[in-house]
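Those letters in the sequence shown? Residues 21 to 421, per our numbering, in order. Each residue gets a CB set at the ideal place from its N, CA and C atoms; glycine is no exception. Remarks on the structure that follows.
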Amino acid sequence: MLRRFLHLALGLALLAANAPAASATTITPAAALERVLTAPAEDPAWFSPALLAQVPASRMTEIVASIGKQLGTFERVTGDGAGGNYVAVYSGGTIACVISLDAAGIVDGIFFKVPQPTTASLGDALARFGSLHGTLGYVVTENDTERAAHGQDEALGVGSTFKLAVLTALVKQIAAGKRRWSDVVQVRDGWKSLPSGFLQTWPDGSHVTLETLASLMISISDNSATDLLIHTLGRAAIEPYAGANVPLLTTHDMFALKTKGAAAARKAWRSGDARARRRMIAVLDGAHLSADALDLQPADDDIDWQFTNRQLCALMAGVRHLPLFEINPGVATPSDWKSVAYKGGSDAGIISMTTWLVAKSGKQFCVSVTLDDATAAVDENAFSLDYLAVIDRLRDEAAKP
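Right, dumping it as structure tokens:
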């Protein structure tokens, strides 16, 4: 739950030290790459022992099959091969690859970058999400215009993307002169949570600035940093920006609700009004947490921070200028844009991403997409690649005169 979710399996580096030759047959790097990408199964004889020790041939076969699943039928390898760099062209997109061979033509290093699906239009890119199971909501805006929307006013579980509301409240208090980025707070045991993040491992009494807490909350989704901010700012200061999430749950509270043996608490939370839920907060705040005791089920995707995609874009619009967004751009390639501001979140049966993009031409976009599935874990890799296809489509459009 609330873990950092951008783990694209296809962005896997497969590196090896110089290895002794295993074959006397030579082959060009482009031909070796094509052979890897088209073989029904990888032959261990094609790879150096050092490479196979890191990634067995069977795993290589799985990776290549996954590329084909995302991009369609292999067509050709292009590029001049400078530095071992090539582009593999598929019927549905491309993937940049780096390959190196030893003197005998044995592959001793290979790297697959993130696949780039080909889309003819923004609608075409968004249609890719249709293959994913679950309840989908999205909004795509350009400057002040909504270009595309689906389920845009339906509040869905968004996981850690809710932290945009916490950041918004912090920015408001700083703008009002109530706080400064340099203000220091102390780490407290009662305000710690479970990962993602690492602040929960710091000693009680450690000093940390509000700016550092905000940076950890946004860039690595540090849950303890988030809860320190919530307690420091006060729930009442955040709830005006939290939509229907009143009272606002800390990440600690959410973990407490999603603990084994907490079925009765989940039932009470679902049926309770704001007053009843607020009475539950004190109990949840004091609950002991254990990662081993978590009961993360997609069926509980309704017990989460619920936001519409329009709300998420509105929150991002107010904080997108902050330098802390430069730390983690999400799936977007920063060099493609003048600036990128990103926050995402995931949970069992939930994935959500919101990105504010400023093109080099000056055009501004917000892309907010959420997928909830109460029946099964969502396919985070497929979702991330579909989301990237939308961003790349906007990049290409913005580059046109």
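The C-alpha of MET237 lies about 31 Å from the C-alpha of GLN90. In the same chain as ASP412, and ignoring 5 residues on each side of it, the C-beta atoms closer than 7 Å to its own belong to GLN136, in chain order. When DSSP reads this structure, GLN206 sits in a beta bridge with HIS227. Rounded to whole angstroms, VAL109 and GLY92 show a C-alpha spacing of 10 Å. For ILE371, the enclosing beta strand (DSSP E) begins and ends at 370–378.
The C-beta distance from TRP66 to ARG55 rounds to 7 Å, short enough to fall under 8 Å.
LEU248 and LEU269 do not touch by the CB rule: their CB atoms are close to 15 Å apart, not below 8 Å.
Between the alpha carbons of ALA124 and ALA70 lies a distance of about 15 Å. When the five nearest sequence neighbours on each side are left out, the beta carbons in the same chain lying within less than 6 Å of the beta carbon of ALA311 are those of LEU214, in order along the chain. ALA379 sits close to ALA418, with the two beta carbons spaced by under 8 Å.
Per DSSP, reduced to three states, the secondary structure at ASN348 is coil, with no helix or strand assignment. Taking 8 Å as the cut-off, the beta carbon of ASP224 is found closer than this to the beta carbon of ASP209. Using a C-beta cut-off of 8 Å, the region 250–268 makes no contact with the region 354–366, since fewer than three inter-stretch Cβ pairs fall below that distance. Around the beta carbon of ALA294, fewer than 16 other beta carbons lie within 10 angstroms, which makes this residue exposed. Around PHE385, the same chain offers GLU162, LEU377 and LEU414 as residues with beta carbons nearer than 6 Å, after the five sequence neighbours per side are excluded. With a cutoff of 8 Å on beta-carbon distance, LEU309 and ALA276 are scored as near each other. Put simply, the region 190–210 does not touch the region 316–331. Fewer than three CB pairs are less than 8 Å apart.
Taking all protein chains in view, the Cβ of PHE132 is crowded by 16 or more other Cβ atoms within 10 Å, so the residue is classified as buried. Of the residues SER68, ALA50 and GLU82, the one whose Cα lies closest to the Cα of PRO60 is GLU82. Per DSSP, the beta bridge partners of ALA168 are VAL160. Taking the CA atoms as reference points, ARG340 sits about 36 Å from ALA285.
Annotated as distal: ILE301 and PRO343, with beta-carbon spacing of 8 Å or more. Nearest C-alpha to ASP406 among GLY129, ASP100, THR138 and TYR106: THR138. Within its own chain, the residues whose Cβ lies closer than 6 Å to the Cβ of PHE182, once the five positions on either side in sequence are excluded, are TRP325, listed in chain order. In the DSSP assignment, THR246 falls within the alpha helix (DSSP H) that extends over 243–253. A residue is called buried when at least 16 other Cβ atoms come within 10 angstroms of its Cβ; HIS272 meets this threshold and is buried. Per the coordinates, the alpha-carbon of ALA409 lies some 31 Å from the alpha-carbon of ALA264. For ALA185, the closest of MET336, SER355, TRP357 and PRO354 by C-alpha to C-alpha distance is MET336.
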